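The working numbering applies: residue 2 is where the sequence shown begins, and numbers increase by one. Ideal Cβ positions, reconstructed from N, Cα and C, are used throughout, including at glycine. Note that this is a predicted model, so its numbers are computed, not measured. Below you'll find the structure, written out as structure tokens, and then a few comments.
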Amino acid sequence: MNLRALQCFVILAEELNFSRAAERLHIAQPALSQQIRLLEDRLGTQLVDRARRPLRLTEAGHYLCTEARQILGSWEQASLGAQEIGIGRRGWLSIGFTRSAMYSILPPALKAFHHAYPQVELKLFEMLTEEQTDALRDMRIHIGIGRQPLAIPGCTSYPLLREHVVAALAPDHPLAARKKVRIAELADTPLILYPKHQNAQFKRMVQSLYRDAGVTPFVAHQAYEIQTAIALVAAGLGVTFVGESVARHGRTDVVFRHLAGPGASQWSTLAATFRTDDASPHLRAFLGCLPAPLGDAAL
2 MNLRALQCFV
12 ILAEELNFSR
22 AAERLHIAQP
32 ALSQQIRLLE
42 DRLGTQLVDR
52 ARRPLRLTEA
62 GHYLCTEARQ
72 ILGSWEQASL
82 GAQEIGIGRR
92 GWLSIGFTRS
102 AMYSILPPAL
112 KAFHHAYPQV
122 ELKLFEMLTE
132 EQTDALRDMR
142 IHIGIGRQPL
152 AIPGCTSYPL
162 LREHVVAALA
172 PDHPLAARKK
182 VRIAELADTP
192 LILYPKHQNA
202 QFKRMVQSLY
212 RDAGVTPFVA
222 HQAYEIQTAI
232 ALVAAGLGVT
242 FVGESVARHG
252 RTDVVFRHLA
262 GPGASQWSTL
272 AATFRTDDAS
282 PHLRAFLGCL
292 PAPLGDAAL
């Protein structure tokens, strides 16, 4: 049994006339009669009472007509959906992102993608850069937006954004009135940093700031998330460092200051990583919504 046979039967059921049904189907009447006969033989029951004029459907024919309409409708919907998915108009896109991406490149990219592909479902997973590696390998996400390009076999990775690193201070901190601060001046201020295996690249960058300034940081508190670290700063428990885009969306109970002296030119990076062989049209479309890669730094 095939869809064409069901289509022929449904049209015949609507017309109750072989000639008119054959005309609608753009086939010869004998060909239509053969299709219906083969369908009846396949089912082992009569579907059309040919002795009556006009034709009438048997009880089995009425039942099959109802079911066939649903089958044909489902097939049409499924085929249209498959076509739209194939050209990127429907389906889903899974994105893993680090929190800092939501302060900069991700919102405008999501807005542009949704405007162009409103039927595509966006699945967003906040995860650390280190977690994105496993998520890409396990194909749980199409793309990761993390703190640095990732060297993963079978993946392409490149930087999208570089921004200055700034210090987050409580408003009553002695250096809060300055426009810029030196790392050496923060030596006696407790440092709020990420745990050993969290945001490792950003943590190493902060440690290099202190090393370049010739001072040893006093890590008093650890925070797993940017907003947690900033909340600790607001409570007067120390200083932390964030990308400039985070500062632009900062809180009123924290001040952000650029750096001076050694480490002043330190950059924080956001990068995109995706499987090189992923031919998903949704992924390719989303890449077009992101900023252009910086230089020739693709891995």
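Bridge partner(s) assigned by DSSP for residue i
i, result
"residue 275", "144 and 157"
"residue 76", "Answer is none; residue 76 lacks a bridge partner."
"residue 105", "Beta-bridge pairing links residue 105 to no other residue."
"residue 58", "49"
Residues near residue i in its chain [Cβ-Cβ closer than 8 Å; skip 5 each side]
i, result
"residue 101", "148, 227, 243, 244, 246, 247, 269 and 271"
"residue 307", "In the structure displayed, the chain extends from 2 to 300; residue 307 sits before or after that span and is not available."
"residue 73", "4, 7, 8 and 11"
"residue 249", "104"
"residue 156", "137, 274, 275, 276, 277 and 300"
Contacting residues, own chain, Cβ-Cβ under 6 Å from residue i (five flanking each side not counted)
i, result
"residue 95", "124, 142 and 143"
"residue 263", "213 and 214"
Own chain residues within Cβ distance below 7 Å of residue i, not counting five before or after
i, result
"residue 9", "26, 33, 36 and 37"
"residue 292", "106, 161 and 162"
"residue 69", "7, 10 and 11"
Start-to-end residues for the alpha helix (DSSP H) that takes in residue i
i, result
"residue 245", "245 to 249"
"residue 212", "201 to 213"
"residue 256", "Note, residue 256: premise wrong, no alpha helix (DSSP H); beta strand (DSSP E) at 256 to 261."
"residue 192", "Looking at the DSSP string, residue 192 is not in any alpha helix (DSSP H); the run it does join, the beta strand (DSSP E), is 192 to 194."
"residue 16", "4 to 16"
"residue 240", "Element bounds for residue 240: n/a, residue is neither H nor E."
"residue 137", "130 to 138"
Sub-9 Å separation of residue i and residue j beta-carbons
i, j, result
"residue 274", "residue 158", "yes"
"residue 174", "residue 237", "yes"
"residue 23", "residue 29", "yes"
"residue 43", "residue 49", "no"
"residue 235", "residue 131", "no"
"residue 193", "residue 136", "no"
"residue 260", "residue 168", "yes"
"residue 256", "residue 151", "no"
"residue 185", "residue 166", "no"
"residue 1", "residue 196", "The chain is shown only over 2 to 300; residue 1 falls outside these bounds and no answer can be derived."
Residue span of the beta strand (DSSP E) that contains residue i, given as start and end
i, result
"residue 219", "First-last for residue 219: undefined, no H or E at that position."
"residue 174", "No beta strand (DSSP E) holds residue 174; DSSP gives it neither H nor E."
"residue 183", "181 to 183"
"residue 1", "Given that the chain is displayed from residue 2 to residue 300, the structure contains no residue 1 and the question cannot be resolved."
Residue i classed as buried or exposed, judged by whether at least 16 other C-beta atoms fall within 10 angstroms
i, result
"residue 140", "exposed"
"residue 180", "exposed"
"residue 154", "exposed"
"residue 145", "buried"
"residue 133", "buried"
"residue 204", "buried"
"residue 258", "buried"
"residue 129", "buried"
"residue 98", "buried"
"residue 64", "exposed"
"residue 233", "buried"
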